[in-house]
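>
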């Protein structure tokens with residue numbers, strides 16, 4: 008669904024914005040495809056174990072404009088954290104994270120440079 012301010016989200020038991028914009032959601036889909044193609048290893052973490060993922064030293068991938076569903080970029084890995092659907096369904100065990108590791112610079116950024124804007 009599209010929220011009143013242009014957020015992309017889902018509505019089940021309650022409304023939960025996943026991304027600040029539809030464009031952010033599209034960026035997250037593109038990043039999923041890119042990361043899954045480039046990663047040497049993908050690890051899936053679910054439920055309470057998602058809380059144990061340490062994101063110190065990671066930066067949030069701003070292009071996905073994550074609200075409930077976020078992406079993080081580290082030195083050689085990308086981490087996608089999906090909490091929105093679990094929140095909308097009041098089902099905390101449904102939280103999921105995917106850790107894409109073994110990425111080189113192309114795998115981490117796909118040619119996108121950081122801007123100061």
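Residue numbers (the numbering used here): 8 to 124.
Note that the Cβ used here is the ideal one computed from N, Cα and C, for glycine as well.
Nothing here was measured: the structure is a model prediction, and the numbers come from that model.
1. Tell me the rounded alpha-carbon separation between residue 66 and residue 77.
2. Going by CA-CA distance only, name the one from 45, 108, 25 and 120 that's closest to residue 81.
3. Below 7 Å CB to CB, which residues in the same chain sit around residue 51 once its five sequence neighbours on both sides are set aside?
4. Under 8 Å by Cβ, that's how I've got residue 28 and residue 13 pegged, so tell me the actual separation to the nearest angstrom.
5. Any idea what DSSP makes of residue 44, helix, strand or coil?
6. So what does DSSP say about residue 90, is it helix, strand or coil?
7. Thinking residue 18 and residue 73 are a contact (beta carbons under 8 Å), I'd like their distance in whole angstroms, please.
8. Just the Cα atoms here: how many angstroms apart are residue 117 and residue 88?
9. Which whole-angstrom value is the C-beta distance of residue 97 and residue 20, which I expect to be below 8 Å?
10. Is residue 85 near residue 36, with beta carbons less than 8 Å apart?
The short version:
1. Take the alpha-carbon of residue 66 and the one of residue 77: they are about 11 Å apart.
2. 108
3. So the list reads 103 and 105, once near-sequence residues are dropped.
4. Right, their Cβ atoms sit about 5 Å apart.
5. For residue 44, the secondary structure class from DSSP, reduced to helix, strand or coil, is helix.
6. coil
7. No, residue 18 and residue 73 are not in contact; Cβ-Cβ is about 18 Å, not under 8 Å.
8. 20 Å
9. 5 Å
10. no
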